[in-house]
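Going by numbering that gives the first Met the number 0, the first residue of the sequence shown is number 0, and it counts up by one from there.
Glycine included, each C-beta is placed from N, C-alpha and C at the ideal position.
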Amino acid sequence: MNDTDQRLPSRFLPVCIGLVLLLAGLALLAGGIKLVMVGGSAYYAIAGAALALDGVLFIAARSSALGLYGLILMASTVWSVYEIGFFGWALVPRLPLWAVIGAILLLPWIRRPLAARRRRAGNGLATPTLAVAVLAVFGLAVGSQFTPDPGSLTGRIPAHRDHPVKPAYAAGVDWPSYGGTDAGTHYSRLDQINTKNVGRLKVAWKIRTGDRPGAHDAAGRTDENTPLKVNHTLYVCTPHSKLLALDPETGRIRWRYNTQLRQQSAKNSPGRARMTCRGVAYQAASEPKQDGAADVKPVADKNNTQNAPVAQTCPRRIFLPTADARLIAINADTGQRCANFGQDGQIDLARHQRPLKPGGYYSTSPPVVADGLVIVGGRVIDNGSTDEPSGVVRAYDARTGKQVWRWDAGNPTGPSQRDTRNAPNVRAPMSADLKRGLLYLPVGNARPGQFGGQRSAADKKYSASLVALHVKTGQVAWHRQLTHHDLWNMGPPAQPVLTDMATRHQGMQPVVIQPTKQGQLYVFNRVTGKPVVPIHERPAPQDAVAGVHTAPTQPHSALNFLPPRLTGADMWGVTPFDQLACRIRFHALRYDGPFTPPSRKGSISYPGNAGVMNWGGVAVDPADQSLFIAPTDLAFVRRLVPREPAKRQEKTGSGTEGPQPNTGAPYAVKTQPFISPLGLPCQAPSWGDVAGIDLQKRRIAWRHASGAARDRTPVLPRPRPVGVPALGGPIATAGGVAFETGTLDGYVRAYAMATGRQLWQAQLPAGGHATPMTYEAGGRQYLLVTAGGHGTFGVTAGDYVIAYRLATKN
Numbered sequence: 000m001n002d003t004d005q006r007l008p009s010r011f012l013p014v015c016i017g018l019v020l021l022l023a024g025l026a027l028l029a030g031g032i033k034l035v036m037v038g039g040s041a042y043y044a045i046a047g048a049a050l051a052l053d054g055v056l057f058i059a060a061r062s063s064a065l066g067l068y069g070l071i072l073m074a075s076t077v078w079s080v081y082e083i084g085f086f087g088w089a090l091v092p093r094l095p096l097w098a099v100i101g102a103i104l105l106l107p108w109i110r111r112p113l114a115a116r117r118r119r120a121g122n123g124l125a126t127p128t129l130a131v132a133v134l135a136v137f138g139l140a141v142g143s144q145f146t147p148d149p150g151s152l153t154g155r156i157p158a159h160r161d162h163p164v165k166p167a168y169a170a171g172v173d174w175p176s177y178g179g180t181d182a183g184t185h186y187s188r189l190d191q192i193n194t195k196n197v198g199r200l201k202v203a204w205k206i207r208t209g210d211r212p213g214a215h216d217a218a219g220r221t222d223e224n225t226p227l228k229v230n231h232t233l234y235v236c237t238p239h240s241k242l243l244a245l246d247p248e249t250g251r252i253r254w255r256y257n258t259q260l261r262q263q264s265a266k267n268s269p270g271r272a273r274m275t276c277r278g279v280a281y282q283a284a285s286e287p288k289q290d291g292a293a294d295v296k297p298v299a300d301k302n303n304t305q306n307a308p309v310a311q312t313c314p315r316r317i318f319l320p321t322a323d324a325r326l327i328a329i330n331a332d333t334g335q336r337c338a339n340f341g342q343d344g345q346i347d348l349a350r351h352q353r354p355l356k357p358g359g360y361y362s363t364s365p366p367v368v369a370d371g372l373v374i375v376g377g378r379v380i381d382n383g384s385t386d387e388p389s390g391v392v393r394a395y396d397a398r399t400g401k402q403v404w405r406w407d408a409g410n411p412t413g414p415s416q417r418d419t420r421n422a423p424n425v426r427a428p429m430s431a432d433l434k435r436g437l438l439y440l441p442v443g444n445a446r447p448g449q450f451g452g453q454r455s456a457a458d459k460k461y462s463a464s465l466v467a468l469h470v471k472t473g474q475v476a477w478h479r480q481l482t483h484h485d486l487w488n489m490g491p492p493a494q495p496v497l498t499d500m501a502t503r504h505q506g507m508q509p510v511v512i513q514p515t516k517q518g519q520l521y522v523f524n525r526v527t528g529k530p531v532v533p534i535h536e537r538p539a540p541q542d543a544v545a546g547v548h549t550a551p552t553q554p555h556s557a558l559n560f561l562p563p564r565l566t567g568a569d570m571w572g573v574t575p576f577d578q579l580a581c582r583i584r585f586h587a588l589r590y591d592g593p594f595t596p597p598s599r600k601g602s603i604s605y606p607g608n609a610g611v612m613n614w615g616g617v618a619v620d621p622a623d624q625s626l627f628i629a630p631t632d633l634a635f636v637r638r639l640v641p642r643e644p645a646k647r648q649e650k651t652g653s654g655t656e657g658p659q660p661n662t663g664a665p666y667a668v669k670t671q672p673f674i675s676p677l678g679l680p681c682q683a684p685s686w687g688d689v690a691g692i693d694l695q696k697r698r699i700a701w702r703h704a705s706g707a708a709r710d711r712t713p714v715l716p717r718p719r720p721v722g723v724p725a726l727g728g729p730i731a732t733a734g735g736v737a738f739e740t741g742t743l744d745g746y747v748r749a750y751a752m753a754t755g756r757q758l759w760q761a762q763l764p765a766g767g768h769a770t771p772m773t774y775e776a777g778g779r780q781y782l783l784v785t786a787g788g789h790g791t792f793g794v795t796a797g798d799y800v801i802a803y804r805l806a807t808k809n
């Protein structure tokens, strides 16, 4: 065998490398040309041509192939830093793959055949050029770990504590309402758990409710429950609208109430795509005690595992909204229905809402108990048709169940029993100022949400607004619209927060703070409705589809988390190839910034469908005048589909998700996350942060990414937080600690309210997409978390209720 034959096997690796680079280069070249044609960067076309040429040189065993690859890597590094700076996560799709290939090319099994082909001992400048380029990229990767992320902010909220916290704003030993109190601050005055000892939190007890996904459930079964602690008992509701009473110290089940939902197949009932109970409401003793009854600590009723006989008297009541549109009054001591409420202890909320598809209307959020009334709103399915139930808010006598008043945003002055079809709904929790007799409604959008061509004058007036009603009468005290002619389903998604806020010229003012999906925090005097934080009207994008107009301006609060406008450079991926796909799609879609109208070609909605803030809302510390928030940054794509193609897609099931029908409108709508071919968001991290606001100075004091990506994106093993999205709200405590559980990586975390520093975390057995709560029992403070998962996001499902408390010192 001659020398040439002996060298043939050694050329196998360079040829393989050359083929890989040639194919990769041609793919980048083709995609790069397409990107240039839609107005994007020319880098990919140039880099693709250079890589393809380099692949040919490797196949020909030319030593210059190493040098050319080094030059390509150097040029890519310069371009990357020029385009996005030194932000580590943004560098991921641009450089690491090429750097790893460069390191492989430096291996002797690659270099020696190239050197032998030229009959030289070395490769001249080719090898040093490549080595320098590879070292530069790895050095940049290490250095980027110490570079602050864009949008991050380091600061501190000073401890003010100039005014005592009013009882209306703070829970204490108990957690008697969904938001801690009817003010919705999500704040507790308990301070046994504080910034110094929170790291000692351990599981005190853990139970399983038994409410697991069922055969008739749609994928959207969600556990968003925040339990109440009151009447010496914890009250927990489940996605299937079951109610459990637990011992707060041990978690032992005292009694169960099985609502026995009218089951409907999710396949035949698309409205049942959400099965949610965010919470229940409690009414303290209001009826005269009979037969010497006393306020005693409830005892276990082991036999009450199904519907118990109705109770003739109910001194203390739990009001449970159900997924089949009922409102049930239950004896808080025994778990029996209250006989004198409604009909046999319950009210059919759908009675005046027919025709009604199963799941098309029900109350996901807890009612409000105020001034002897129980007041309930409801969720209406979005983008189903132009003939959906009304989003009416109704007040019932809390003792008898008799309707006292109703407020229908589509017909606010109409007959008491006529509900307007498609009227804006109130699906988020409401708040109440009991001293002033005012109720605050976060009013959503008229249906269908993404087509506004058939709305009434009343719909246009009250859609996407904050409305203050008089509790006793249901009459409007004032209202403020937060999105004009909403085409994006951007109505206020969260509970309004009532607190006092320091102002420069008028001292402390009673305010209501309304979070929104756009990232705005609107602050009004809650008595007059006048803005406390300035609001400016800004021009909005125009040119919607035929038959729909757009508002010329949209309001913007001076206090906001509105993300910066996206650019092609913000597109992201794990590799240059999926990033290139995102960049092509970005330029091909319509995007004119916030409030880009939905279009037939597809429009980017950013903030997206999930919103910067959603139903979990915010937490406010009234003492330190601070606000804790977990903003999410995810873009979505909305496309209007003409009716006939939409019908064909619905019939064939084509597309990742079939369009929502919008029956009766000229267009259906298809809404999807803006994601890469690998299933990750198309825009660069962070996708989810935690942040703190100093309300006295009306500024964001600190902000940083929250959560790791390991559980949801194992291809990203970096220890630096990527910032994962969260769905579920935070709470704050007088111990200076905020707790948050809603991140998609499945952890409960504790943060210092003043600085945002993470103090503690614990992994949950299932997704914790509910707002936690805290209470005291037996002289010890507990943190309570429900972890049941969220079908929409594909996180682990479960049925857990977990209580944490400080471990005792040895």
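- Nearest in C-alpha terms to T225, of all of T275, Y666 and V544, is T275.
- Look at W759 here: in three-state DSSP terms it is strand.
- One thing to note: Y395 has its Cβ no nearer than 9 Å to the Cβ of R378.
- Counting only runs that start and end inside the region 419-504, the alpha helix (DSSP H) elements of at least 4 residues fall at 456-461.
- Residue nearest to A753 within the set D542, V736, G24 and P606 is V736 (criterion: CA-CA distance).
- Per DSSP, the beta-bridge partners of N559 are Q519.
- Residue pairing by DSSP places M570 opposite Q682 in a beta bridge.
- Separation of A397 and P684 (C-alpha to C-alpha, rounded to the nearest whole angstrom) is 48 Å.
- Counted as a single uninterrupted DSSP element, the alpha helix (DSSP H) harbouring F11 occupies residues F11 to M36.
- With a beta-carbon spacing of about 3 Å, A704 and G722 fall inside the 8 Å limit used to define contacts.
- If you compare the alpha carbons of Q352, L129 and Y590 with that of D542, the shortest gap goes to Y590.
- In the DSSP assignment, E536 falls within the unbroken beta strand (DSSP E) covering I534 to P538.
- Going by DSSP, A753 is part of no alpha helix (DSSP H) at all; its letter is neither H nor E.
- Between T740 and P764, the gap from beta carbon to beta carbon reaches 9 Å or more.
- The straight-line gap separating the alpha-carbon atoms of L520 and S556 is approximately 6 Å.
- One alpha carbon belongs to P729, the other to A467, and they sit about 24 Å apart.
- Assigned with DSSP and collapsed to three states, P365 falls in coil, not helix or strand.
- Remark: C-beta atoms of A786 and V197 do not approach each other more closely than 9 Å.
- One Cα belongs to R642, the other to A667, and the distance between them is close to 6 Å.
- Counted as a single uninterrupted DSSP element, the alpha helix (DSSP H) harbouring Y68 occupies residues S63 to I83.
- In the DSSP assignment, G179 is bridged to S176.
- Between Y177 and P428, the gap from beta carbon to beta carbon is short of 9 Å.
- Per the Cβ contact rule, the region 331-338 is not in contact with the region 421-441 (fewer than 3 Cβ pairs under 8 Å).
- About 6 Å separates the beta carbons of K669 and V640, which is inside the 8 Å limit, making them a contact pair.
- Comparing alpha-carbon positions, the option among T126, P365, A98 and S462 lying closest to L242 turns out to be P365.
- Here W701 carries a strand assignment [DSSP, helix/strand/coil].
- Counted as a single uninterrupted DSSP element, the alpha helix (DSSP H) harbouring G142 occupies residues A125 to S143.
- When DSSP states are grouped into helix, strand and coil, T791 belongs to the helix group.
- For G797, the CB contacts under 6 Å within the same chain, skipping 5 residues up- and downstream, are P764, A765, A786, G787 and G788 in chain order.
- Each residue's CA atom was taken as its position, placing R199 and L783 some 15 Å apart.
- For a cut-off of 8 Å, the C-beta gap from N488 to V510 is around 26 Å, too long to register as a contact.
- Secondary structure of C581 (DSSP, three-state): helix.
- The DSSP-derived three-state label of D332 is coil.
- A distance below 6 Å between beta-carbons, with the five flanking residues on each side excluded, links N608 to the following residues of its chain, in chain order: F635 and T670.
- Between I327 and T232, the C-beta gap is not smaller than 9 Å, which leaves the two residues out of contact.
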